[in-house]
């Protein structure tokens, strides 16, 4: 393998500035397509990585073969009976196969497939050179590359994310010639739009690519740009006595806006600090792509800008950015002051003019349903918070009618809390209004207050029931109403907060809340619960083996915390030497009783010694497990079940369950059925491979 001639291949597509949101995925897709084609062409790259800047998509394949390996190709022809007649003479079919392969019939070999013998030809195929294969590969992958939005330009039939201006394709220092979108490949690229010459420059080879671009003010590696921005931001923040408010999403975005980042800190008018910190941070991030700072735990009137050029006077640049930011913040401050002048009741009333979903009423109807449902949930989960849940439910969507949320939709809930506090609502109500949107995304924090939890569950379950009533269910590729996200939020809250009201009960209350509008409740409940079950399976499957999740789900999924804890209890067993024998023992008990369960077990009938030993062990284990089940100590429950294994193994070694005596057979099946039921209460172990 080490003696095979190999080299690196570089493909760079120079384009007009690509939107930052498309950059990473586009470059990654280019690298994936290149790797796929190189593998299929048997050029066996050691690795394929990508680089990306606003003006270039790059894939670099390391260690590709300079030529395919020679191989013997076998071509199978007709069966021997068809290729030769009864006298052994070649038939027309046999002659035709020889001509098609360009060989003499004497070169035929025999190949047997099943019971049939065929004639075949084995020919040595010389491997093609990489230089002969790469042009077609490059043309193909660029034609297959897909983007969220593509462009036509000029008279070219091809589309691309942005117009293509140059292409670099190098195998070591050798140009790989091809054309795409009317542009011929070469070894010439262009550096930074403002800090590099307009004539471009040559790339010596793939191994010099990053260094050559860096010498022309381009950092092609997005990770290097992010690292530079982050380090410089922290350095300047430390010098100014500030603390940078970290934002990984914003860092990723600005890194794809620049080729050579330059970081600077500016200030804005302190009067804007009158607004909530979330408003300022959101406005700076969304409108200007600025980072914010805090000091002593409070937001400051500083911002960090990431520039793509090195100006002669950064102060001029900062003043320009400050003017633009101030205009944005003036608008936000106006919205904030105008909103605060209005009572919350005005916003609530305006919700009548906002449609939730056609067929499910207005946002005011939605808010009223949430208030009722949150009160019912709280009555069962947190009785002391019922009144707070009902009050906050009536206000939880009020801020959707505010000017501030109209400008910054991502502040919904946050502004609801701010305006509720400004209106004199209790802190518990304001907190619940904010928390009911949690979690906003995967991995986000969960609501903590009792009323916030009740509200968050009510909001999601109202949406789930309403959408299933309307038939607006997710498909394999589309989920326009975010039902998967809503179901996951419900599951995370129930599991992480260890709530003990069954899912079936919560769904039933949510259906009741719609009154006579919901028809065919049995089907709706069944379909929705199956959907939630699949989301639970997917969620738990990120941490546990699929077969373990399936086994635990089979015992019931009404309490998501229980299912997760059972999975956590089973996982450690998978590393034990006796894991397979354990699962086999559980399976034998369960499988033999399916379809064969007898009636009640009679311990007074004559029992074999190992039969009595198993019964005694089971009685003791069942009693212990019952208490542990009620305490939801599932690791200890499983330990009790595992403790039955020696008695189970001896039983099956010594006792013939399906004996001829009908009464004895029925009694043995009855005992095993009791034991199997205990196992199945924990999990269906037959779903675990062993």
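Residue numbers (the numbering used here): -16 to 673.
Built from N, CA and C at the ideal position, the CB exists for glycine as well.
- Between the alpha carbons of residue 234 and residue 269 lies a gap of roughly 12 Å.
- Looking at the DSSP output, residue -5 bridges to 41 and 151.
- The alpha-carbon of residue 303 is positioned some 44 Å away from that of residue 466.
- The C-beta of residue 72 has fewer than 16 other C-beta atoms within 10 Å across all chains shown, which makes the residue exposed.
- Annotation: residue 530 to residue 671 spans about 5 Å, alpha carbon to alpha carbon.
- Secondary structure note for residue 509: its alpha helix (DSSP H) is the uninterrupted segment 504 to 523.
- By the Cβ rule, the region 281 to 295 does not count as touching the region 348 to 368, because fewer than three pairs are nearer than 8 Å.
- Taking 7 Å as the cut-off, the Cβ atoms of residue 62 and residue 101 count as close.
- A distance of 7 Å or more separates the beta carbons of residue 627 and residue 620.
- Here residue 106 carries a strand assignment [DSSP, helix/strand/coil].
- Following the DSSP letters along the chain, one finds residue 402 inside the alpha helix (DSSP H) bounded by residues 397 to 405.
- Around the C-beta of residue 586, fewer than 16 other C-beta atoms lie within 10 Å, and the residue is accordingly described as exposed.
- In terms of Cβ geometry, residue 51 and residue 25 form a close pair [threshold 7 Å].
- According to the DSSP secondary-structure assignment, residue 346 is paired through a beta bridge with no residue.
- Residue 636 has its alpha-carbon roughly 16 Å from the corresponding atom of residue 648.
- Here DSSP, grouped into helix, strand and coil, assigns residue 202 to coil.
- Here residue 395 is buried, its C-beta having at least 16 other C-beta atoms within 10 Å.
- The Cβ neighbour count for residue 266, taken over all protein chains shown within 10 Å, is at least 16; the residue is labelled buried.
- Beyond the five residues adjoining it in sequence on each side, residue 43 comes within less than 6 Å, by CB distance, of -7, 32 and 189 in the same chain, given in chain order.
- Comparing alpha-carbon positions, the option among 252, 512, 384 and 476 lying closest to residue 418 turns out to be 476.
- Under the DSSP assignment, residue 274 falls in the beta strand (DSSP E) whose first and last residues are 274 to 278.
- Distances from the alpha-carbon of residue 640 to those of 607, 660 and 590 put 590 closest.
- When C-beta atoms of the region 235 to 250 are compared with those of the region 196 to 206, three or more pairs fall below 8 Å, so the two segments count as touching.
- Nearest to residue 603 by alpha-carbon distance, out of 623, 74 and 262, is 623.
- Closest in alpha carbon position to residue 596, among 638, 614 and 559, is 638.
- Counted as a single uninterrupted DSSP element, the beta strand (DSSP E) harbouring residue 166 occupies residues 166 to 169.
- Between the region 562 to 575 and the region 513 to 529, the count of Cβ pairs shorter than 8 Å is below three; the stretches do not touch.
- Residue environment analysis places residue 332 among the exposed positions, since fewer than 16 neighbouring C-beta atoms fall within 10 angstroms of its C-beta.
- Only residues of its own chain outside the window of five on either side were considered, and among them 74 and 76 have a CB closer than 7 Å to the CB of residue 65, listed in chain order.
- Between the region 478 to 486 and the region 540 to 557 there are three or more inter-stretch CB-CB distances shorter than 8 Å, so the stretches are counted as touching.
- Contact between residue 353 and residue 442 holds: CB atoms are separated by about 5 Å, below the 8 Å threshold.
- By the neighbour-count definition (other C-beta atoms within 10 Å, threshold 16), residue 119 is an exposed residue.
- For residue 577, the three-state secondary structure derived from DSSP is coil.
- By the criterion of a C-beta distance shorter than 6 Å, residue 239 is surrounded in its chain by 3 and 6, once the five residues flanking it on both sides are discounted.
- Here the alpha carbon of residue 588 sits roughly 36 Å from the alpha carbon of residue 553.
- Residue 388 has its alpha-carbon roughly 21 Å from the corresponding atom of residue 469.
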